[in-house]
Amino acid sequence: MPTENTLVDLLEFLRNQYDFIWLTFHDYKCNQFKRSLKRSPGQIRANVFNEPHIQELIENDPGTKEKIDKIMDEMSHTFTLRSIRFIGYFVVKIMKSIYRHAWIENKITISPSSFYYDPVDQSIPSTINRLVNEAPVIYLPTHRSYADFLLFSYICFQMKLPLPAIAAGIDFLSLKQIASLLRSCGAFFIRRSFKGSENSLYRSVFRSYVQDLVKGGEMPMECFIEGTRSRTGKSLQPRLGLIGTALQLFWTAQIPDLILIPVSICYDRILEEDLYAKELSPPQIDTSSGSKPKETPQHLLNGARAILAQDFGSVYIRFGSPISLREFPGNHEIRLQYQTTCKSADGPQCAEELSFASQLCRSVIQEHHRASIISPFSLFSCTIFSDLISKCNYLEYEPIILEDDNFSYIDYSVDLILETMEQLCDLVSDNNLSHKLLSRSLKDEFLSSLPIHSNLVNLESTDLHESIRISFENHLTLARFRNYSNQFLQLVIGIAMVVYSPSYKVYTNLERLLSQEFVLSPKSSSDFDAEKISLDKLSPRVIDLLTTHINYFLINYHRICQWLLSVDPFEPLETKSFIRKVQIEIKVPMDMVQNFVQFSLKYGSLVYSENQLVINRSSIRGLLDLIVSTSHSTDFHPIESPIKPKL
Numbered sequence: 199m200p201t202e203n204t205l206v207d208l209l210e211f212l213r214n215q216y217d218f219i220w221l222t223f224h225d226y227k228c229n230q231f232k233r234s235l236k237r238s239p240g241q242i243r244a245n246v247f248n249e250p251h252i253q254e255l256i257e258n259d260p261g262t263k264e265k266i267d268k269i270m271d272e273m274s275h276t277f278t279l280r281s282i283r284f285i286g287y288f289v290v291k292i293m294k295s296i297y298r299h300a301w302i303e304n305k306i307t308i309s310p311s312s313f314y315y316d317p318v319d320q321s322i323p324s325t326i327n328r329l330v331n332e333a334p335v336i337y338l339p340t341h342r343s344y345a346d347f348l349l350f351s352y353i354c355f356q357m358k359l360p361l362p363a364i365a366a367g368i369d370f371l372s373l374k375q376i377a378s379l380l381r382s383c384g385a386f387f388i389r390r391s392f393k394g395s396e397n398s399l400y401r402s403v404f405r406s407y408v409q410d411l412v413k414g415g416e417m418p419m420e421c422f423i424e425g426t427r428s429r430t431g432k433s434l435q436p437r438l439g440l441i442g443t444a445l446q447l448f449w450t451a452q453i454p455d456l457i458l459i460p461v462s463i464c465y466d467r468i469l470e471e472d473l474y475a476k477e478l479s480p481p482q483i484d485t486s487s488g489s490k491p492k493e494t495p496q497h498l499l500n501g502a503r504a505i506l507a508q509d510f511g512s513v514y515i516r517f518g519s520p521i522s523l524r525e526f527p528g529n530h531e532i533r534l535q536y537q538t539t540c541k542s543a544d545g546p547q548c549a550e551e552l553s554f555a556s557q558l559c560r561s562v563i564q565e566h567h568r569a570s571i572i573s574p575f576s577l578f579s580c581t582i583f584s585d586l587i588s589k590c591n592y593l594e595y596e597p598i599i600l601e602d603d604n605f606s607y608i609d610y611s612v613d614l615i616l617e618t619m620e621q622l623c624d625l626v627s628d629n630n631l632s633h634k635l636l637s638r639s640l641k642d643e644f645l646s647s648l649p650i651h652s653n654l655v656n657l658e659s660t661d662l663h664e665s666i667r668i669s670f671e672n673h674l675t676l677a678r679f680r681n682y683s684n685q686f687l688q689l690v691i692g693i694a695m696v697v698y699s700p701s702y703k704v705y706t707n708l709e710r711l712l713s714q715e716f717v718l719s720p721k722s723s724s725d726f727d728a729e730k731i732s733l734d735k736l737s738p739r740v741i742d743l744l745t746t747h748i749n750y751f752l753i754n755y756h757r758i759c760q761w762l763l764s765v766d767p768f769e770p771l772e773t774k775s776f777i778r779k780v781q782i783e784i785k786v787p788m789d790m791v792q793n794f795v796q797f798s799l800k801y802g803s804l805v806y807s808e809n810q811l812v813i814n815r816s817s818i819r820g821l822l823d824l825i826v827s828t829s830h831s832t833d834f835h836p837i838e839s840p841i842k843p844k845l
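Just so we're aligned, residue 199 is where the sequence shown starts under the working numbering, counting upward by one.
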């Protein structure tokens with residue numbers, strides 16, 4: 199493996215190897231935590247029963263031991279390196295078949311002020327192995343595809359990084375033999391939710407097992423901080439459960455530090471492109487809307503057959519700056535509270551701890567954004583998606599979906615599109631742009647990516663000019679573009695909000711309204727004023743484009759509020775049926791309805807009562823007023839397109 203700090207194509211290395219021979223004889227060696235107990239998976243499992251609070255539960259009720267056994271059968275991993283080599287063979291074959299390149303930046307940036315900084319060698323293998331030796335490590339990759347955890351484990355194997363124990367959803371257990379294989383590759387399976395008194399035993403076993411994995415130090419842990427795959431292309435709000443459980447080990451001085459390593463995994467084209475579009479679209483567009491297909495061997499086999507003959511472009515992997523809990527602001531106060539009150543690591547967390555965990559997790563997601571590598575197609579999607587949604591008649595609340603049968607395709611001039619894309623590039627760092635990192639022109643990289651997305655676009659060339667044709671063979675096209683658009687939009691949403699807001703008060707209102715849609719970095723009044731001045735030179739085209747994207751969220755929230763005020767206030771609303779009903783009535787994407795529900799529950803516009811949603815009509819009216827006062831005077835009217843298409 200090359201060790202220079204540059205982009206390395208892992209597939210170029212693999213294409214020159216005999217897969218079976220290389221995987222069999224690859225000399226995999228890595229570091230462990232210097233205080234590692236060096237236990238086997240079976241010993242780790244047995245140790246859970248020796249935890250004092252688990253022993254106490256068993257003593258109080260001898261029948262509890264059998265229940266814990268069943269939970270551990272369901273949860274625990276059975277890691278062996280032999281299984282990694284076995285499944286790695288198939289991962290390599292699939293990667294070679296569907297990806298052009300697997301680019302990884304062989305460098306990790308650590309602040310010079312950090313205890314872990316090494317000015318000599320910042321390559322990935324050297325840095326990760328050094329960190330793992332010093333303290334327990336948790337890998338925190340982005341989660342956009344099922345390919346993420348297989349790809350990341352293979353990267354660890356090839357680059358001789360410590361292989362992780364992987365927190366996986368319990369859904370995989372329906373795959374039986376495949377689940378068993380994943381378990382032997384380090385996956386441990388946890389339930390999506392275990393709130394309530396009826397799950398108190400499961401919570402205790404989960405906490406004991408996770409904490410034992412971390413403090414034992416045999417291998418790092420890997421979990422997805424968003425809790426599930428993002429179907430929208432942008433980061434979800436972080437889930438705090440597993441991270442919060444690990445934090446308690448540091449606060450009770452059972453480990454010297456806890457190091458979180460953000461990892462960004464970006465794709466030219468995601469494997470689940472069609473699946474996500476169907477899941478998020480209204481039921482009128484696709485009957486499978488809102489339903490996640492069950493994980494079955496047959497479904498997995500059918501999916502594999504469908505993708506193996508396709509071109510998914512390149513995948514980009516970049517490690518973000520590691521976050522040391524010991525060096526993170528605010529940790530010492532909580533640790534002091536634990537020591538002075540003799541609080542144990544198996545107790546519930548207080549509001550201050552949850553707030554700290556939330557701040558820490560949001561820092562991880564911000565690091566994901568800084569490490570993201572965006573393809574030109576995401577820039578293109580952000581540009582044309584803005585154009586498409588601007589055609590909708592907001593005043594009459596027509597659906598944000600194209601329904602005119604005559605509106606079958608649009609042609610865009612390549613030169614005009616590239617001009618806007620170049621202007622969007624100026625809003626982010628060169629380190630976020632794939633064509634900059636690969637030292638290629640935007641046009642060359644963009645045109646070479648179009649065949650990857652041939653199901654969405656085609657290049658039309660004549661002697662006079664080149665144009666890109668978008669065909670609307672079905673209404674899922676818009677949902678697909680939205681996913682790619684969001685990949686870039688989440689990096690510039692802060693800029694878009696400043697551009698949109700004439701004053702700091704409007705900005706704070708907007709920050710509140712979009713708090714569930716994006717993981718935001720709040721700005722002070724002085725920061726807002728300074729950024730407002732720096733953005734004065736943006737072109738009208740870019741300003742219109744960013745404004746239209748903000749309008750998209752405000753208008754849909756406005757429409758949901760209007761619908762809520764129109765329904766029978768005494769009609770019971772169960773969450774899932776509510777989401778589906780809103781989709782049917784006003785055709786808002788499922789994820790936006792879900793985010794609206796979470797936002798409304800947080801601010802009291804919706805209230806849970808006996809497992810039903812109750813509408814707080816006065817609060818909904820207040821929310822409508824907030825949206826109107828935040829929006830521009832033209833928000834509920836058609837907005838002139840930033841780019842003129844040829845129909």
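Positions of the beta carbon are idealized from the N, C-alpha and C atoms, including for glycine.
Nothing here was measured: the structure is a model prediction, and the numbers come from that model.
Relative to the C-alpha of residue i, which residue among the options is closest?
| i | options | result |
| --- | --- | --- |
| residue 302 | 379, 229, 569 | 569 |
| residue 587 | 786, 264, 646, 620 | 786 |
| residue 919 | 251, 243, 253 | Because residue 919 is not part of the residues shown, which for the chain are 199 to 845, the question remains open. |
| residue 362 | 411, 371, 332, 237 | 411 |
| residue 456 | 818, 345, 529, 682 | 529 |
| residue 283 | 220, 230, 648 | 220 |
| residue 795 | 770, 784, 758, 653 | 758 |
| residue 792 | 406, 480, 372 | 480 |
| residue 231 | 416, 310, 707 | 416 |
| residue 755 | 779, 770, 784, 733 | 784 |
| residue 850 | 247, 459, 210 | In the structure as shown, the chain begins at 199 and stops at 845. Residue 850 is therefore absent and cannot be evaluated. |
Roughly how many angstroms lie between the CA atoms of residue i and residue j, to the nearest whole one?
| i | j | result |
| --- | --- | --- |
| residue 688 | residue 773 | 27 angstroms |
| residue 272 | residue 408 | 14 angstroms |
| residue 521 | residue 716 | 21 angstroms |
| residue 377 | residue 390 | 16 angstroms |
| residue 204 | residue 350 | 19 angstroms |
| residue 312 | residue 525 | 8 angstroms |
| residue 693 | residue 575 | 20 angstroms |
| residue 462 | residue 516 | 5 angstroms |
| residue 765 | residue 790 | 19 angstroms |
| residue 810 | residue 427 | 26 angstroms |
| residue 506 | residue 292 | 7 angstroms |
| residue 518 | residue 323 | 14 angstroms |
| residue 228 | residue 523 | 23 angstroms |
| residue 207 | residue 813 | 53 angstroms |
| residue 815 | residue 580 | 35 angstroms |
| residue 333 | residue 454 | 6 angstroms |
| residue 300 | residue 443 | 33 angstroms |
Exposed or buried, residue i, counting other C-beta atoms within 10 Å across all chains shown (16 or more means buried)?
| i | result |
| --- | --- |
| residue 572 | buried |
| residue 216 | exposed |
| residue 200 | Low confidence applies to residue 200: its pLDDT is 40, below 50, so where it sits in the model is not reliable, and the reading given next is rough at best. Classification for residue 200: exposed. |
| residue 753 | buried |
| residue 397 | exposed |
| residue 728 | exposed |
| residue 252 | buried |
| residue 413 | buried |
| residue 527 | exposed |
| residue 578 | buried |
| residue 603 | Residue placement at residue 603 is poorly supported in this model, since its pLDDT is 48, which falls under 50; the coordinates still yield a value, given next. With fewer than 16 other Cβ atoms within 10 Å, it is exposed. |
Under the assumption that residue i contacts residue j (Cβ atoms under 8 angstroms), give the Cβ distance between them as a whole number of angstroms.
| i | j | result |
| --- | --- | --- |
| residue 748 | residue 698 | 5 angstroms |
| residue 797 | residue 714 | 4 angstroms |
| residue 249 | residue 406 | 5 angstroms |
| residue 696 | residue 733 | 6 angstroms |
| residue 445 | residue 555 | 6 angstroms |
| residue 342 | residue 465 | 7 angstroms |
Taking only beta-carbon atoms, is residue i less than 8 angstroms away from chain C?
| i | result |
| --- | --- |
| residue 458 | The structure shown has no chain C; it contains just one protein chain. |
- the segment 611–631 / the segment 660–676 touching (three or more Cβ pairs under 8 angstroms): yes
- Query: Do the segment 321–339 and the segment 420–430 touch if we need at least three Cβ pairs shorter than 8 angstroms?
  - Reply: yes
- May I ask you to verify whether the segment 458–478 touches the segment 675–688, counting CB pairs closer than 8 angstroms and requiring at least 3? yes
- Check whether the segment 377–384 touches the segment 396–403, counting contact only when three or more Cβ pairs, one atom from each stretch, lie closer than 8 angstroms. no
- Using 8 angstroms as the threshold, is the segment 451–471 in touch with the segment 821–831, meaning 3 or more CB pairs across them? no
- Just checking, does the segment 628–641 make contact with the segment 450–461 on the three C-beta pairs under 8 angstroms criterion? no
- Task: Give a yes or no on contact between the segment 540–556 and the segment 256–264, applying the rule of three or more CB pairs nearer than 8 angstroms.
- Result: no
- Query: Just checking, does the segment 428–445 make contact with the segment 560–567 on the three C-beta pairs under 8 angstroms criterion?
  - Reply: yes
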